[in-house]
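Since the structure comes first, as structure tokens, the remarks are kept for the end.
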Ligand SMILES: [Zn+2]
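Residue numbers (full-length UniProt numbering), protein chains in the order written: chain A, 1 to 538; chain B, 1 to 730.
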């Protein structure tokens, strides 16, 4: 099979259940195995039956690569391995392997305990599934087999998030997963090597058309509204999921509390889950931003000074406080319980992320000025509290996507994980501005892409010799390794790295029985075992 | 260009190397390998220079810290004041002839005394042969372990040194902490002795050297004075910082590339956290640099041998079995009240001969854990009897394991005794080891997955069972201090650091215990503390591949050529079954290794391949085509891509013809051009074709030469075309 074939099983012209099956060079890789939070029927999982030879996934797939622990990237994995029976290799970074079970277990509980649904997979499924995972380090070259090599690159977004490079023989591609081109409070910006000679980049496009301004202005705004609220004695509810945003906001608040001397006002975490998650973050500090990493010995940034755990009895205790409560988007559970108590008071504040899935209370709150919200048949809540919508996101904006694509300069781009009309705009921009062929397939579409190929030939010393840099000591070093971790609010990709290039000429001798050999013209006669015949004019 | 192995002295070698540099700059002919030092055990790894593709690569840059023993530890208040005065006077004035005489008599005396040790700020001994090198010749440095980098600032502080340094992230960090610790321990001497007055300290001058007892002289000068130049005053904090800034740190198996020609990758060796073996790839070469490796460790990630598979050449640099041949006595000794009578402890630990088929048996690890447990139980015995325990280990991994073991024993035996760790970098080392799960053994990684701390010390610190102090001078320390206690404190040479003060305090206590690594020469190390009454336990730890496994490791890695230490030759039990060649190397000897592959491998882009216009050769089963492209060297691999630039660069290609000319074919070709020629056989090897119309012309055909005679220029070129068309050529 020549070329690269991409079957988009999920996140095609939508956000949710990321899953792309890429076949090339005789190998077949599944990138991400996510679930869709918006569906409860069979649409929640990718349609695995479309994978070729779906009777035996272990045989059909060479490996699975998971980019990060968000459920829309890993949510279907236990189902796929434990129920569908895939038993081959699975790769993800150390943090993803460590934190994924927390996410999956939390989701399973919400599904079963709270919605009373039939469970798709059990706790044991999660445990046995994750046992099969090979954890990888950033930039580690992994030989999946003799032909397939993969490598993870820092993606920002959440702790452990990685873009993956995959190479089979002469074809290579990058699947980005979700990434962030600007560093945030706890994570660095995405960082990848130049000159990967890529045939294809499959990139997320959540913010395909948005261009964001400075992150610090947005952070300041958040801190201001929180401070205003607690300053007047109000309570702040921050509904979040246990991992990711919770840690970022916590670092932000803990730091602010220290600077503004607000230690009399408690910051709470609702469930043990987030505190437990902090244990993981402490060991995984090497995967955070350079600034946080550097301070590990004196004070681990995840040893929050002002944060303590919350008891249910404190719900109606007087006085101001800040509370992180799970789940995010107020989709049920404890955050909903707190919301019911606190929403009726205009002194209080609820902060919500920029994006909430339809059907959640969070979605209702950010989509209009709701004054009354129906929780269920019996309950209706008066919403008098302030609502603050966070405007920072762990995804790259469109400028970041363009920067990355330009930097990698692949031959083709496929957009996934975005909204259809915006993706179309970005697609046009990539092909017109960068001159790179771009596709935005829908779910279950297949995209065929030609791939570069090389013919292996031998080359004689003399053929190569004339092209070797005559001054071997002179070379451009790679740009500063850690530039990607700069706390600056800008995208940062190592820009300087030259490639050694020289024009070589000679003669290729092709023998039917041997590998072709390139020789210098002066070597040809000897190689053929002939003598030169000179033509002279008298 | 087949070169045979040469054994030559260092000077000749350096000379040859100059020549090779001349010859081979840019020309990939040979690999040269030189062992500069075989080192000595865990703390002093071997050191090499490789010349690869015209680049000089230094492998490791350690310091011989055991040589510090020739110095006297810092005098204490309890120490005899006269000694101090003696040494001060020595340093400042020329000793009177009486004193010299007195000293000379001392030299002749049989046994060494504490007074014989050099009273001065210690200098550090680098790899002996490294200082003979012009540092500007080194292009690249590869460091495999924290121990292997302790001498790096000596190089980086030299302005001639500009090589690129590669080490794993973890090695660099731990190495930095170890270097910083050395600097701060040395500070105590600096403060005591004051700044050095001259470039060359008093003790390094000839008249002082000759007064030294032979044991010390040997360490200082080597047998022929060769090591004299290896001594250096210690670097500063700024030197360390500068050195670290010059290191390019690598992740696990991250590919780094030097000048696009040498591509390197590090894989865990299991020796210590962050310690690595290397794969070095270059055009026509792939080399495995195999340093001391441990198959199963209870702290570091194990020896990743699978990733080293399939390289042509293995540089085997694990000398660990050397010390086990020489010192093949008991692995653990507890000496009684006097260090002279060493008695074997009950439960002494021995290296078992084991089944050599199984490379990774858990035996190695459990054996090591037995030793840890044994030390732990000895420590418990001591504190039970009211004695304290001091453990000046240099092995970070072993210290971490001992911390876990001892605290567990203390708890299970209900003994409440504090554990101290006194070092300027203790806090950082403990914090750091808990954030590098990627370089830890499988069990520790499981801790990460279950959300538990990677090492027990996290919990110990939290429960305040373990106290960390940078030094013993603080009030905070004195408030917490309580005896008996268990103390981890550097330095294992017993000349630097807090251990000196602790030993002075406890060396007279028969219930106290000092635990040393086997590599430490206990007699000399304890000399300044005499009379020594406290118990001394010495224990050896696995420091590399066991003898029985070497063969299987090599077999499994399937090399074509193995460079193996001459000193270990006896350890390679069965000569290799001709699957690979073994060449032996010794200190200061250069091996020339001819490339195993003659040709380079080049990846030819398919679009360039489609542009080729092959010519079938008439007789042979061959086709040839001119090829021109951009030759790209990327990560040690060549690619030939189409030249896309519109501007055609000038070409050096010329047309070539070969083989004999067939006159009949030429006549035919002429006919096709409308020319009639007549054939005449001249001399035996010369024939002639004559043409009359349109003008007179002749073609003289020799075996390998054809001469065209024609006055008419257009006719001449017509004839030329015809001749060309019937010859093989391009
Ligand atoms: Zn995500």
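Yeah, the Cβ is synthetic: ideal placement off N, Cα and C, and Gly gets one too.
Nearest-angstrom Cα separation, counted from residue j out to residue i
{"i": "residue 523 (chain A)", "j": "residue 50 (chain B)", "result": "31 Å"}
{"i": "residue 265 (chain B)", "j": "residue 280 (chain B)", "result": "7 Å"}
{"i": "residue 453 (chain B)", "j": "residue 301 (chain A)", "result": "16 Å"}
{"i": "residue 43 (chain A)", "j": "residue 71 (chain A)", "result": "15 Å"}
{"i": "residue 172 (chain B)", "j": "residue 396 (chain B)", "result": "14 Å"}
{"i": "residue 23 (chain B)", "j": "residue 504 (chain A)", "result": "The pLDDT assigned to residue 23 (chain B) is 32, lower than 50, so where the model puts this residue is not dependable; a value taken from the coordinates is nonetheless given after this. Their Cα atoms are separated by approximately 22 Å."}
{"i": "residue 437 (chain A)", "j": "residue 622 (chain B)", "result": "40 Å"}
{"i": "residue 519 (chain B)", "j": "residue 599 (chain B)", "result": "47 Å"}
{"i": "residue 22 (chain A)", "j": "residue 154 (chain A)", "result": "21 Å"}
{"i": "residue 286 (chain A)", "j": "residue 145 (chain B)", "result": "20 Å"}
{"i": "residue 171 (chain A)", "j": "residue 519 (chain A)", "result": "27 Å"}
{"i": "residue 61 (chain A)", "j": "residue 24 (chain A)", "result": "11 Å"}
Residue-level contact to chain B via CB, residue i, 8 Å cutoff
{"i": "residue 1 (chain A)", "result": "Per-residue confidence for residue 1 (chain A) stands at a pLDDT of 48, beneath the threshold of 50, marking its modelled position as unreliable; no derived number is given."}
{"i": "residue 25 (chain A)", "result": "no"}
{"i": "residue 137 (chain A)", "result": "yes"}
{"i": "residue 347 (chain A)", "result": "no"}
{"i": "residue 147 (chain A)", "result": "no"}
{"i": "residue 243 (chain A)", "result": "no"}
{"i": "residue 66 (chain A)", "result": "no"}
{"i": "residue 537 (chain A)", "result": "yes"}
{"i": "residue 341 (chain A)", "result": "no"}
Where residue i falls, given that 16 or more other Cβ within 10 Å makes a residue buried
{"i": "residue 94 (chain B)", "result": "Its pLDDT being 45, under 50, residue 94 (chain B) is placed unreliably by the model, and the measurement read from it follows with that caveat. So residue 94 (chain B) ends up on the exposed side."}
{"i": "residue 278 (chain A)", "result": "buried"}
{"i": "residue 517 (chain B)", "result": "buried"}
{"i": "residue 296 (chain B)", "result": "buried"}
{"i": "residue 801 (chain B)", "result": "The structure shown does not extend to residue 801 (chain B), since chain B is modelled only from 1 to 730, so the question has no answer here."}
{"i": "residue 638 (chain B)", "result": "buried"}
{"i": "residue 570 (chain B)", "result": "exposed"}
{"i": "residue 324 (chain A)", "result": "buried"}
{"i": "residue 276 (chain A)", "result": "exposed"}
{"i": "residue 169 (chain B)", "result": "buried"}
{"i": "residue 231 (chain B)", "result": "buried"}
{"i": "residue 16 (chain A)", "result": "buried"}
Three-way DSSP call (helix, strand, coil) for residue i in this model
{"i": "residue 17 (chain A)", "result": "coil"}
{"i": "residue 140 (chain B)", "result": "strand"}
{"i": "residue 254 (chain A)", "result": "helix"}
{"i": "residue 77 (chain A)", "result": "helix"}
{"i": "residue 405 (chain A)", "result": "helix"}
{"i": "residue 680 (chain B)", "result": "strand"}
{"i": "residue 153 (chain B)", "result": "helix"}
{"i": "residue 364 (chain B)", "result": "helix"}
Neighbour flag for residue i against chain A, beta carbons, 8 Å
{"i": "residue 726 (chain B)", "result": "no"}
{"i": "residue 721 (chain B)", "result": "no"}
{"i": "residue 448 (chain B)", "result": "yes"}
{"i": "residue 626 (chain B)", "result": "yes"}
{"i": "residue 715 (chain B)", "result": "no"}
{"i": "residue 786 (chain B)", "result": "Absent from the structure is residue 786 (chain B), since the part of chain B shown begins at 1 and ends at 730."}
{"i": "residue 27 (chain B)", "result": "In this predicted model, residue 27 (chain B) has a pLDDT of only 39, less than 50, meaning its place in the structure is not dependable enough to derive any value."}
{"i": "residue 166 (chain B)", "result": "no"}
beta-carbon residue i near ligand 1 non-hydrogen atom, thresh 7 Å
{"i": "residue 544 (chain A)", "result": "The requested residue 544 (chain A) does not occur in the structure, where chain A is confined to residues 1 to 538."}
{"i": "residue 64 (chain B)", "result": "no"}
{"i": "residue 555 (chain B)", "result": "no"}
{"i": "residue 158 (chain A)", "result": "yes"}
{"i": "residue 397 (chain A)", "result": "no"}
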